[in-house]
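Engineer: Quick note, in the working numbering, the sequence shown goes up one by one and the last residue is 649. Here you go, one structure.
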Amino acid sequence: MDAAGHRRALYEAFSGTGGAFDAKIEQALDVGIAYLEVPLGFLTRIQNGTQEIVAVVGDHDRIRPGERCPLDEAYCRRTVEKESALAVQDAAAATEIADVAYDTFELGTYLGVQVIVDGETYGTVCFADSDVRTVQFAAAEEAFVELLATLVGQELEAREYRRELQERNANLERERERFRGIAETSADILFRLDDTGTFTYVSSVVESILGYEPTTLEGSSFTEFVAEPSVEAALTEFEELLEGETVEQLEVLFSSSSGEAIPIEVNATPLRGDDGTIEGVQGVGRDVSERRERQAELRLKNRAIDEANLGISIADPQQPEVPFVYVNDGFERITGYDESFAIGRNWGLLTGEATDLDTIAAISDDVAANVSSAYEVVNYRADGTPFWNDVRISPIRDETGAVTHYLGFQDDVTGRKRTEQLVRLLNRVLRHNLRNDMTSVMGYAELLAGREDGSDYADRILDTASSLVALSEQASTLKRVAGRDRNPVRLDPDELLDAVLSSIRETEGAATIDTTIATDRGVCAGPELEDALRELVANAIAHNPSADPSVAIEVTGDDAWVDISVTDDGPGIDELERAMIERGEETPLEHGSGLGLWLVNWIVTRYGGSFRIEARDDGDGSIATVRVPGIGDEETVEEAARQPTVLFR
Numbered sequence: 001m002d003a004a005g006h007r008r009a010l011y012e013a014f015s016g017t018g019g020a021f022d023a024k025i026e027q028a029l030d031v032g033i034a035y036l037e038v039p040l041g042f043l044t045r046i047q048n049g050t051q052e053i054v055a056v057v058g059d060h061d062r063i064r065p066g067e068r069c070p071l072d073e074a075y076c077r078r079t080v081e082k083e084s085a086l087a088v089q090d091a092a093a094a095t096e097i098a099d100v101a102y103d104t105f106e107l108g109t110y111l112g113v114q115v116i117v118d119g120e121t122y123g124t125v126c127f128a129d130s131d132v133r134t135v136q137f138a139a140a141e142e143a144f145v146e147l148l149a150t151l152v153g154q155e156l157e158a159r160e161y162r163r164e165l166q167e168r169n170a171n172l173e174r175e176r177e178r179f180r181g182i183a184e185t186s187a188d189i190l191f192r193l194d195d196t197g198t199f200t201y202v203s204s205v206v207e208s209i210l211g212y213e214p215t216t217l218e219g220s221s222f223t224e225f226v227a228e229p230s231v232e233a234a235l236t237e238f239e240e241l242l243e244g245e246t247v248e249q250l251e252v253l254f255s256s257s258s259g260e261a262i263p264i265e266v267n268a269t270p271l272r273g274d275d276g277t278i279e280g281v282q283g284v285g286r287d288v289s290e291r292r293e294r295q296a297e298l299r300l301k302n303r304a305i306d307e308a309n310l311g312i313s314i315a316d317p318q319q320p321e322v323p324f325v326y327v328n329d330g331f332e333r334i335t336g337y338d339e340s341f342a343i344g345r346n347w348g349l350l351t352g353e354a355t356d357l358d359t360i361a362a363i364s365d366d367v368a369a370n371v372s373s374a375y376e377v378v379n380y381r382a383d384g385t386p387f388w389n390d391v392r393i394s395p396i397r398d399e400t401g402a403v404t405h406y407l408g409f410q411d412d413v414t415g416r417k418r419t420e421q422l423v424r425l426l427n428r429v430l431r432h433n434l435r436n437d438m439t440s441v442m443g444y445a446e447l448l449a450g451r452e453d454g455s456d457y458a459d460r461i462l463d464t465a466s467s468l469v470a471l472s473e474q475a476s477t478l479k480r481v482a483g484r485d486r487n488p489v490r491l492d493p494d495e496l497l498d499a500v501l502s503s504i505r506e507t508e509g510a511a512t513i514d515t516t517i518a519t520d521r522g523v524c525a526g527p528e529l530e531d532a533l534r535e536l537v538a539n540a541i542a543h544n545p546s547a548d549p550s551v552a553i554e555v556t557g558d559d560a561w562v563d564i565s566v567t568d569d570g571p572g573i574d575e576l577e578r579a580m581i582e583r584g585e586e587t588p589l590e591h592g593s594g595l596g597l598w599l600v601n602w603i604v605t606r607y608g609g610s611f612r613i614e615a616r617d618d619g620d621g622s623i624a625t626v627r628v629p630g631i632g633d634e635e636t637v638e639e640a641a642r643q644p645t646v647l648f649r
């Protein structure tokens with residue numbers, strides 16, 4: 001057979017798409033052996049620096065299918081570096097063949113070409129003989145082996161393509177089966193549309209959601225089943241899909257068989273043919289009716305929470321008396337009312353004796369006019385203690401603009417209001433007393449200047465100066481106490497009174513002080529309560545003209561409160577000063593002579609308590625009573641402590 005015949009035989013070995021790969025390679029190697037007149041032909045696979053024998057025709061102890069060796073020890077080491085054939089007539093003398101390769105395989109003659117698959121080196125196709133070749137390989141022979149290597153590479157590429165195609169087909173079939181399974185078991189609607197918007201497939205679950213059998217929709221345009229408000233948006237998105245875009249989480253209202261509008265969330269992608277052109281749309285539709293209702297409720301609550309970080313309430317004007325339908329934790333904390341108690345009741349829950357009715361009327365007018373309002377008003381907590389509430393109310397409107405609810409914010413601003421009131425009181429008292437006392441000093445000084453013996457006026461000046469110093473000290477004490485951080489702790493009544501009496505005996509003159517403790521409850525207040533009680537006792541002694549003043553301190557209590565009463569037998573409190581304490585303010589014409597009682601009231605009310613002073617019914621003198629939160633042995637400070645209340649009530 002001439003060279004042309006061998007080439008034809010080579011092409012015939014690889015002709016057709018059928019046939020086993022191994023058989024084709026073996027046939028091609030047989031043709032090569034016959035053409036080159038050598039006893040051995042083989043195909044190798046080279047990976048990661050290792051040569052593996054894939055197929056062999058001929059007999060050699062070290063060249064058999066599956067045999068491996070390092071590439072550096074193989075004849076093919078140089079072959080894979082050359083774009084053309086590597087032809088060796090005498091391997092023992094050739095520099096291209098490593099000594100270790102020759103010692104291992106002992107091949108005298110070698111002709112090899114690298115096999116390229118998809119642009120990468122796959123391995124080599126080689127022919128060899130143990131004997132040395134007497135003549136060099138001809139160019140035609142080298143070209144023949146290069147052709148064989150090309151055909152092997154093409155067959156390997158074709159085999160890989162067939163394998164990938166088979167795998168893709170298998171995956172496609174599995175995907176079809178999976179799709180059919182999902183379509184029949186999924187709670188979502190699976191669908192396909194052609195490029196005109198006509199349903200070509202709808203899964204059976206559509207009947208349970210929209211009430212239609214799949215065959216009712218198939219063959220009809222999707223727009224026939226879309227509710228009017230969603231038609232325009234649905235058509236716009238369909239056009240986007242036909243242009244290659246995807247649709248995610250599009251809510252479309254579909255008309256059910258009963259005429260009800262059902263919100264369906266649609267996710268869809270273009271459906272492409274084998275040539276890549278868009279032939280339609282495929283997607284999934286999910287009934288989001290329940291989720292939509294939950295989201296509407298959640299949006300309402302989230303809006304309230306997002307716009308305020310304090311007390312939040314929502315009232316329903318559609319119900320009689322406009323009751324609360326929602327209160328947050330902040331509302332519970334500020335007012336003391338649990339959600340279960342507050343729901344169903346209205347704003348009147350927070351009003352009380354000191355609530356300004358004009359402010360309440362103004363709020364009601366704003367609510368009736370559906371406008372936002374903001375007011376500061378005295379409200380009452382669940383335990384009956386008053387507090388300053390910064391109230392802000394806003395109407396909530398639906399899509400049509402109709403008011404559906406009222407959103408309320410509550411901010412306990414008692415601390416700020418107490419500070420503002422204290423500053424006003426200090427300014428008024430100090431301004432009044434300084435002006436009056438300094439006027440007296442100037443008058444006495446003028447009289448003193450005209451008298452030889454002015455000791456009487458000098459004493460009066462000294463008394464007035466002492467009064468001013470005392471007033472200044474009282475103001476400093478009040479400022480110091482007011483500047484402390486609020487720190488409720490557990491106080492023992494015995495230890496508290498011992499500390500007060502010990503201090504009084506060091507600073508005041510002789511006095512008879514009797515103490516009675518008729519409760520086993522502790523006191524929940526700050527350490528500065530000692531300052532308040534000391535002021536009451538010292539004031540009772542200082543204003544008693546008797547040489548042996550008498551003071552009685554009595555501690556009583558119930559489940560919630562502890563009352564500490566200081567009773568004296570002095571001249572009693574001035575009616576003007578008592579009235580100012582009850583009202584909580586001073587007019588320009590009414591000023592107390594000292595700040596001691598203001599100090600007492602400041603301390604007691606900052607821990608949620610109250611203070612009152614009144615004349616005795618059984619004789620001369622007065623009774624000053626401090627009411628503060630009580631605390632039992634099993635209670636924690638956090639449980640017993642109360643929020644600050646208004647300064648006076």
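All C-beta atoms, glycine included, are put in the ideal place defined by N, C-alpha and C.
Note down the Cα distance separating Val626 from Asn370, rounded to an integer number of angstroms.
Structural biologist: If I take the Cα positions, the gap works out to 44 angstroms.
Engineer: Taking the C-alpha atoms as reference points, what is the distance between Tyr11 and Val145?
Structural biologist: Approximately 13 angstroms between the Cα atoms of the pair.
Engineer: Assign Ile631 to one of two classes, buried (16 or more other C-beta atoms within 10 Å of its C-beta) or exposed (fewer than that).
Structural biologist: The residue is buried, with at least 16 neighbouring Cβ atoms inside 10 Å.
Engineer: With distances taken from CA atoms, which of Asp568, Asp559, Glu376 is nearest Glu634?
Structural biologist: Minimum Cα distance to Glu634 is reached at Asp559.
Engineer: Below 8 angstroms, can you find three or more Cβ-Cβ pairs linking the stretch 37 to 56 to the stretch 124 to 139?
Structural biologist: Yes, they touch.
Engineer: Once the 5 residues before and after Pro263 are set aside, which same chain residues still bring their CB inside 7 angstroms of it?
Structural biologist: So the qualifying residues of the chain are Glu251, Leu253, Val288, Ser289, Arg292.
Engineer: Go to Leu491, then tell me how far its beta strand (DSSP E) extends in each direction, as first and last residue.
Structural biologist: First-last of the beta strand (DSSP E) with Leu491: 489 to 491.
Engineer: Does DSSP put Ala560 in a helix, in a strand, or in coil?
Structural biologist: Reduced to three states, the DSSP call for Ala560 is coil.
Engineer: Which residues in the same chain have their Cβ closer than 6 angstroms to the Cβ of Thr515, if we skip the five residues on either side of it in sequence?
Structural biologist: These residues qualify, in order along the chain: Leu497, Ile553.
Engineer: Going straight from the alpha carbon of Gly348 to that of Glu376, what length do you get?
Structural biologist: Approximately 15 angstroms between the Cα atoms of the pair.
Engineer: How far does the beta strand (DSSP E) with Ala374 in it reach, from first residue to last?
Structural biologist: Unbroken beta strand (DSSP E) run through Ala374: 373 to 380.
Engineer: Buried or exposed for Tyr337, please, with buried defined as at least 16 other CB atoms from any protein chain shown within 10 angstroms of its CB.
Structural biologist: Counting Cβ neighbours within 10 Å, Tyr337 comes out buried, since at least 16 surround it.
Engineer: Is the Cβ-Cβ distance between Thr44 and Ile33 less than 8 angstroms?
Structural biologist: Contact flag unset, no.
Engineer: Report the start-end ranges of each alpha helix (DSSP H) in the stretch 244 to 323 that is 4 residues or longer and not cut off at the edges.
Structural biologist: As far as the stretch 244 to 323 is concerned, its whole alpha helix (DSSP H) runs of at least 4 residues are 289 to 307.
Engineer: Give the DSSP-derived three-state secondary structure of Leu40 in the structure shown.
Structural biologist: The answer is strand: DSSP assigns Leu40 an E or B state.
Engineer: Rounded to the nearest angstrom, what separates Trp561 and Ala368 at their Cα positions?
Structural biologist: If you take the alpha carbons of Trp561 and Ala368, they lie about 41 angstroms apart.
Engineer: At which residue ranges does the stretch 44 to 76 contain complete beta strand (DSSP E) runs of 3 or more residues, listed in the order of the chain?
Structural biologist: Complete beta strand (DSSP E) runs here, min 3: 50 to 57, 68 to 70.
Engineer: Measuring CA to CA, which of Gly276, Leu536, Ser373, Glu297 is closest to Asp409?
Structural biologist: The identity of residue 409 in the sequence shown is Phe, whereas the question assumes Asp. Measuring from the Cα of Phe409, the nearest candidate turns out to be Ser373.
Engineer: Excluding sequence positions up to five away, which residues of its chain have a Cβ less than 7 angstroms from the Cβ of Pro229?
Structural biologist: Leu253, listed in sequence order.
Engineer: Please go through the same chain and pick out, in chain order, the residues whose beta-carbon is closer than 6 angstroms to the beta-carbon of Glu207, but skip the five residues on each side of it.
Structural biologist: Cβ neighbours of Glu207 beyond the five flanking positions: Glu213.
Engineer: Considering Trp598, what are the terminal residues of the alpha helix (DSSP H) in which it resides?
Structural biologist: That run of the alpha helix (DSSP H) goes 596 to 606.
Engineer: In this structure, how does DSSP classify Pro527 when only helix, strand and coil are distinguished?
Structural biologist: DSSP places Pro527 in coil when its eight states are reduced to three.
Engineer: Just to confirm my understanding: we take Tyr110, look at its own chain, exclude 5 residues before and 5 after, and list those with CB closer than 6 angstroms. What are they?
Structural biologist: Taken in chain order, the residues that qualify are Tyr75, Val88, Ala91, Ala128.
Engineer: Starting from Ala624, trace the beta strand (DSSP E) in both directions and tell me its first and last residue.
Structural biologist: 622 to 631 is the extent of the beta strand (DSSP E) around Ala624.
Engineer: For a test of the three-state rule: what should DSSP assign to Phe222, helix, strand or coil?
Structural biologist: Phe222 falls in the helix class under three-state DSSP.
Engineer: Over what stretch of residues does the alpha helix (DSSP H) that includes His543 continue unbroken?
Structural biologist: It is not in any alpha helix (DSSP H) - His543 carries neither H nor E in the DSSP assignment.
Engineer: When DSSP labels each residue in this structure, what does Pro395 get in the three-state scheme?
Structural biologist: Of the three classes helix, strand and coil, the one that applies to Pro395 here is strand, per DSSP.
Engineer: In the DSSP assignment, the alpha helix (DSSP H) including Phe341 goes from what residue to what residue?
Structural biologist: Residues 339 to 342.
Engineer: In three-state DSSP terms, what is Gly348?
Structural biologist: Note: Gly348 maps to helix in three-state DSSP.
Engineer: Residues in its own chain within less than 6 angstroms of Arg77 by CB, not counting five upstream and five downstream?
Structural biologist: So the qualifying residues of the chain are Leu71.
Engineer: Residues in its own chain within less than 6 angstroms of Gln114 by CB, not counting five upstream and five downstream?
Structural biologist: For Gln114, where only same-chain residues beyond five positions count, the Cβ hits under 6 angstroms are Thr79, Val80, Thr121, Thr124.
Engineer: Taking DSSP as the reference, what is the three-state secondary structure of Glu653?
Structural biologist: Nothing can be reported for residue 653: it is not among the residues displayed for the chain, which extend from 1 to 649.
Engineer: For Leu358, which of helix, strand or coil comes out of DSSP?
Structural biologist: One detail in the question is off: residue 358 reads as Asp in this sequence, not Leu. Three-state result, Asp358: helix.
Engineer: If you draw a straight line from the C-alpha of Thr236 to the C-alpha of Leu193, how long is it?
Structural biologist: Cα-Cα distance, rounded: 15 angstroms.
Engineer: Taking Cβ to Cβ, would you say Arg484 is nearer than 8 angstroms to Gly522?
Structural biologist: Going by C-beta atoms, Arg484 is not nearer than 8 angstroms to Gly522.
Engineer: Taking the CB atoms as reference points, tell me whether Ile675 and Ile573 lie closer together than 8 angstroms.
Structural biologist: What the structure shows of the chain is the stretch from 1 to 649, and residue 675 is not part of that stretch, so it cannot be assessed.
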